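Student: One structure, as structure tokens, below. Some questions next.
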Amino acid sequence: MASKMLSFIFLAIAFVTVESNSEGDALYGMRSNLGDPNNVLQSWDPTLVNPCTWFHVTCNSENSVTRLDLGNANLTGVLVVRSLELLPNLQYLELFGNHISGQIPSELGNLTKLISLDLYKNQLTGPIPTSLGHLRSLQFLRLNSNKLTGKVPVVLFKMIQLGNLQIMNISDNYLAGTNSKIGLTVYFRKTSCEDTICWCIEIGQVFYDVRPTVSNS
Ligand SMILES: *[C@@H]1O[C@H](CO)[C@@H](O)[C@H](O)[C@H]1NC(C)=O
Ligand SMILES: *[C@@H]1O[C@H](CO)[C@@H](O)[C@H](O)[C@H]1NC(C)=O
Ligand SMILES: *[C@@H]1O[C@H](CO)[C@@H](O)[C@H](O)[C@H]1NC(C)=O
């Protein structure tokens, strides 16, 4: 009986350890594609039981990663998120103010718990992936000041209208057919005002209050 109990406990611990390690491996996979001239990722030691003691990583009480705070960290290289799918509880991905290049990985759309995706002020190119439309919990999407091209996926506007998205800043890119950064810049903010929902749309430096037409039927 006691030995059965013990082996159960052992199995449970082994399971937790394996699960935690997969999150560490996912982060380590991301690290391996980034350049880190200031060694801000030095504490990311894959031999530790879980990544919760690493700098710039925050976990919940179950030792599952909820935040990555790597803003203004001078990181270079590309963002490879394939393995980040293994971070099921990630809520905050803060990578603003770095020198990250390449495309925004469409796999980010798998991080369904994301509340905040801050990739602003980097060197990102290519389109905004439509898969971001899967992020039903997303409240803050800041992709401004990159080199993004292509059309803004309609699904993002739907996320503002129907989802939780409150702030989306896509200014200072080459989006929507503009071939210079002086082109149209758009910034949205959904705020509640009185009993209805107002949108604030910034085009350039000018703010417009827009009330969405709501069908009563
Ligand atoms: C990034 O680089 C700048 C200039 O080299 C330096 O002043 C700053 O401390 C660096 N930031 C970090 C987080 O190391
Ligand atoms: C992750 O995202 C990619 C690209 O959007 C998709 O093809 C893939 O099926 C997703 N994987 C999971 C596990 O959802
Ligand atoms: C939106 O992005 C632009 C370009 O980076 C920036 O100048 C502006 O301050 C941002 N707006 C807000 C409200 O953050």
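All the letters of the sequence shown, read from the start, carry residue numbers -20 to -1, 1 to 197 under mature numbering (1 follows the signal peptide of the UniProt record, and there is no 0).
From the three backbone atoms N, C-alpha and C, an ideal C-beta is built for every residue, glycine too.
Given the structure is predicted, the values throughout are model-derived calculations rather than measurements.
Considering only C-alpha positions, which residue in the set N69, N54 and S41 is nearest to R47?
Tutor: If we check each option's Cα against that of R47, N69 comes out closest.
Student: Regarding A6 and ligand 1, is the C-beta to nearest heavy atom distance less than 6 Å?
Tutor: A6: no, Cβ never under 6 Å from ligand 1.
Student: Need the endpoints of the beta strand (DSSP E) that E74 sits in, please.
Tutor: Its beta strand (DSSP E) spans residues Y72 to E74.
Student: Return the residue from the list K138, T129 and V134 that minimises the CA-CA distance to S151.
Tutor: Measuring from the Cα of S151, the nearest candidate turns out to be T129.
Student: Note down the Cα distance separating L164 from L28, rounded to an integer number of angstroms.
Tutor: Residue placement at L164 cannot be trusted, given a pLDDT of 42 that sits under 50; what the coordinates show is reported in the next sentence. So the alpha carbons of these two residues sit roughly 48 Å apart.
Student: Output the distance between the C-alpha atoms of N12 and L75, rounded to the nearest integer angstrom.
Tutor: The question names Asn, but residue 12 in the sequence shown is Ser. Straight-line Cα distance between these residues: approximately 15 Å.
Student: What are the start and end residues of the beta strand (DSSP E) that includes Q119?
Tutor: Unbroken run through Q119: none, as it is neither H nor E.
Student: Straight-line CA distance for residue 248 to L21?
Tutor: This structure cannot speak to residue 248, because the chain is shown only from -20 to 197.
Student: Secondary structure at T92, three-state DSSP: helix, strand or coil?
Tutor: Correct three-state label for T92: coil.
Student: Regarding N18 and ligand 1, is the C-beta to nearest heavy atom distance less than 6 Å?
Tutor: Yes - ligand 1 has a heavy atom lying nearer than 6 Å to the Cβ of N18.
Student: If you count every other CB in all the chains shown that lies within 10 Å of the CB of E174, and 16 or more means buried, which is it?
Tutor: With a pLDDT of 48 at E174, under the threshold of 50, the predicted position of this residue should be treated as unreliable, and no value is reported.
Student: Looking at S96 and ligand 3, is the gap between the Cβ and the nearest heavy atom below 6 Å?
Tutor: Not so, every heavy atom of ligand 3 lies at least 6 Å from the Cβ.
Student: Taking the alpha-carbon of L136 as reference, which of E3, R116, S2 and Y8 has the nearest alpha-carbon?
Tutor: It is R116 whose Cα lies nearest to the Cα of L136.
Student: Below 8 Å CB to CB, which residues in the same chain sit around L14 once its five sequence neighbours on both sides are set aside?
Tutor: Cβ neighbours of L14 beyond the five flanking positions: L21, L55, T56, G57, V58, L59 and I80.
Student: Looking at C-alpha atoms only, which residue of H114, S96 and P133 is the closest neighbour of G106?
Tutor: Taking only the C-alpha atoms, the option nearest G106 is P133.
Student: Exposed or buried, N18, counting other C-beta atoms within 10 Å across all chains shown (16 or more means buried)?
Tutor: Exposed: under 16 other Cβ atoms inside 10 Å.
Student: Give the straight-line distance between the Cα atoms of Q146 and N126, rounded to the nearest whole angstrom.
Tutor: Near 20 Å, if we compare the C-alpha coordinates of N126 and Q146.
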